[in-house]
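Residue numbering for the sequence shown follows the working numbering, beginning at 19 and increasing consecutively. Using N, Cα and C, we set each Cβ at its ideal position, and we do this for glycine too. No experiment lies behind these values; they were computed from the predicted model shown. Following: one structure in structure tokens, then a few remarks.
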Amino acid sequence: MSDQKEIDLRAAINAISDVVQNRPRPIRNFDQIYMKAGDMVLQSELVARWADEKRLAFIGDGDAISVCAAYLHKRGILNYGPSQIVVFDFDERICGAVTRFADKEELGQLRAELYNCLDPFTCDTRFDCFYTNPPWGASNDGESVKVFVQRGMEATRYTGEGMVVMADDEELEWTKRVLANVQEFVVRSGFFVQKMMPQLHQYHLDDAPNLRSCNVIIKALPVERALEASVAITSPDRLAHFYGRDNPPRVKYVRERKRLEYGKAHDDEYSFELWE
Ligand SMILES: C[S@@+](CC[C@H](N)C(=O)[O-])C[C@H]1O[C@@H](n2cnc3c(N)ncnc32)[C@H](O)[C@@H]1O
């Protein structure tokens with residue numbers, strides 16, 4: 019891994035601010051709930067260090083941690099970062115925002131693909147690691163988290179590492195159940211939990227402003243395993259409460275209606291009252 023240098027905090031925060039300006043507005047119905055800016059700075063530094071010189075797949079990334087990691091590296095604010103980053107998201111606005119930012123800032127290592135994680139994962143690249151901040155599975159004991167994690171493990175062909183962001187709150191019992199179930203699932207899938215960083219991040223979430231999430235870092239066991247083809251996820255048991263109680267996935271892709279100028283007010287948001 020490259021030698022680390024001191025980070026210019028002001029430059030890092032200003033760079034994250036450029037990325038935040040570029041993000042589409044979150045759709046709460048699909049659990050798009052954005053991480054707060056200070057936590058994004060620390061999280062993207064951590065991800066850039068963890069995935070230094072590696073091929074990294076993001077299974078969903080409304081937060082734009084992918085963009086931050088690539089941009090901080092490109093601007094020389096960090097002297098480490100992934101060699102290749104692909105964002106797989108079902109929201110065309112998010113994919114478009116990633117692609118346009120990457121074009122504008124010449125981030126050659128970053129691209130996005132429109133992908134719904136209920137479809138088989140068929141990308142040809144074998145990634146070294148994956149990152150996901152999935153729907154947290156409060157109403158299905160973590161079943162939604164498992165779907166995103168499964169796609170991440172498939173992206174590494176069950177040989178790499180993953181960073182999974184999950185709710186982690188001392189007061190909320192469901193978060194403990196989800197953490198336990200997901201850990202059990204990854205162990206059953208031939209991975210182990212290498213590290214757990216508790217209660218790290220906060221979100222722009224009106225109804226639970228203090229809810230935090232943790233990073234769970236997982237790693238594949240060094241064993242040979244026969245790879246099965248990735249298949250679609252259709253089981254009603256897994257999907258019934260995917261985005262919350264009785265809220266199964268009905269949408270295959272969120273389509274971008276018009277090209278948005280992020281960071282600028284849209285003309286359907288305001289009207290002018292003129293001087294007489
Ligand atoms: C579910 S949100 C979780 C909260 C996280 N802080 C965020 O907003 O990015 C994470 C990302 O997953 C994407 N996503 C949701 N459902 C998906 C699906 N079925 N397939 C692929 N991506 C999905 C969202 O568009 C979003 O970008």
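Given a length threshold of 3 residues, each whole run of the beta strand (DSSP E) inside the stretch 63–88 is given here in chain order: 73–77. Taking 7 Å as the cut-off, one finds no heavy atom of ligand 1 near enough to the beta carbon of residue 149.
Per the DSSP secondary-structure output, residue 185 pairs in a beta bridge with 231. In terms of Cα proximity to residue 205, the closest of 193, 240 and 192 is 240.
Beta-bridge partners of residue 147 (DSSP): 74 and 179. Secondary structure note for residue 203: its alpha helix (DSSP H) is the uninterrupted segment 191–206. Around the beta carbon of residue 41, 16 or more other beta carbons lie within 10 angstroms, which makes this residue buried. Using a 10 angstroms sphere on the CB of residue 24, the tally of other CB atoms stays under 16, which defines it as exposed.
Each residue's CA atom was taken as its position, placing residue 194 and residue 185 some 9 Å apart. Distance from the CA atom of residue 37 to the CA atom of residue 65, rounded to whole angstroms, is 16 Å. Judged by their CB atoms, residue 167 and residue 180 are nearer to each other than the 8 Å cut-off.
Distances between the C-beta of residue 61 and the heavy atoms of ligand 1 are all 7 Å or more. Contact annotation: the stretch 258–266 does not touch the stretch 213–230, with fewer than three C-beta pairs closer than 8 Å. Residue state for residue 43 is assigned as coil, using DSSP reduced to three classes.
Distance between residue 223 and residue 232, taken at the CA atoms: about 16 Å. In this structure, the beta-carbon distance from residue 143 to residue 73 falls below 8 Å. With a cut-off of 8 Å on Cβ pairs, the stretch 108–121 is not in contact with the stretch 140–157, counting fewer than three such pairs. The beta-carbon distance between residue 110 and residue 269, rounded to whole angstroms, is 11 Å. This is too long to meet the 8 Å contact definition. With at least 16 other beta carbons inside 10 angstroms of its own, residue 68 counts as buried. Between residue 113 and residue 132, the C-beta spacing is below 8 Å.
Excluding sequence positions up to five before and after residue 129, its CB lies within less than 8 Å of the CB of 103, 104, 105, 116, 117 and 120, all in the same chain and listed in chain order.
Here residue 120 carries a helix assignment [DSSP, helix/strand/coil]. Per DSSP, reduced to three states, the secondary structure at residue 152 is coil, with no helix or strand assignment.
Not one heavy atom of ligand 1 is found less than 7 Å from the C-beta of residue 32.
Residues of the same chain with a CB within less than 8 Å of the CB of residue 101, apart from the 5 flanking positions on each side, are 71, 72, 73 and 127 in chain order. Under DSSP, residue 128 shares a beta bridge with 103. Counting the other Cβ atoms within 10 Å of the Cβ of residue 149 gives 16 or more, which makes it buried.
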